[in-house]
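Enquirer:
Numbering (the working numbering), first residue to last: 3 to 84.
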């Protein structure tokens, strides 16, 4: 049941997207991710940004036209292949 307390705990205000992590959520999830490798180049993106991007796609899906397997999204053959 939603109360004033639980509603405040689950508030998503102040985030860029509803799928973004709050600082409290990141404090729980961040340590569970593997540490960046000491070998090779440094990562271009922070791990939090990458995880939020994954959640963004999982929450909203990917528009049909962004799927590369079928070629041009407006091509009639694309609809036949997929």
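In this text, a Cβ means the ideal position worked out from N, Cα and C, and glycines have one as well.
Note that the structure is a prediction, hence the values are computed from the model and not measured.
1. Pick out whichever of 36, 37, 10 has its Cα sitting closest to the Cα of residue 24.
2. Going by other Cβ atoms of all chains shown within 10 Å of its Cβ, with 16 needed for buried, is residue 147 buried or exposed?
3. Does residue 94 come out as helix, strand or coil in the three-state DSSP assignment?
4. Tell me the rounded alpha-carbon separation between residue 38 and residue 4.
5. Within the continuous alpha helix (DSSP H) that includes residue 25, where are the two ends?
6. Indicate the three-state DSSP secondary structure (helix, strand or coil) for residue 63 in the structure shown.
7. Does the count of Cβ pairs from the segment 27 to 35 and the segment 58 to 67 closer than 8 Å reach three?
Expert: Walking through what the data contain:
1. Position 22 of the chain shown, counted from the first residue, corresponds to residue 24. Distance check between residue 24 and each of 36, 37, 10 places 10 closest, using alpha-carbon atoms only.
2. Lying before the first or after the last residue shown, residue 147 is absent from the chain, which here runs from 3 to 84.
3. Missing from the structure shown is residue 94; the chain here goes from 3 to 84 and no further.
4. Stepping through the chain shown from its first residue, residue 38 is reached at position 36. Stepping through the chain shown from its first residue, residue 4 is reached at position 2. Looking at the backbone, the Cα of residue 38 and that of residue 4 are separated by about 39 Å.
5. The residue you call residue 25 lines up with position 23 of the chain shown. Run containing residue 25: 25 to 31, per the alpha helix (DSSP H) assignment.
6. Within the chain shown, numbered from 1, the residue matching residue 63 stands at position 61. Annotated three-state conformation of residue 63 is coil, per DSSP.
7. Contact annotation: the segment 27 to 35 does not touch the segment 58 to 67, with fewer than three C-beta pairs closer than 8 Å.
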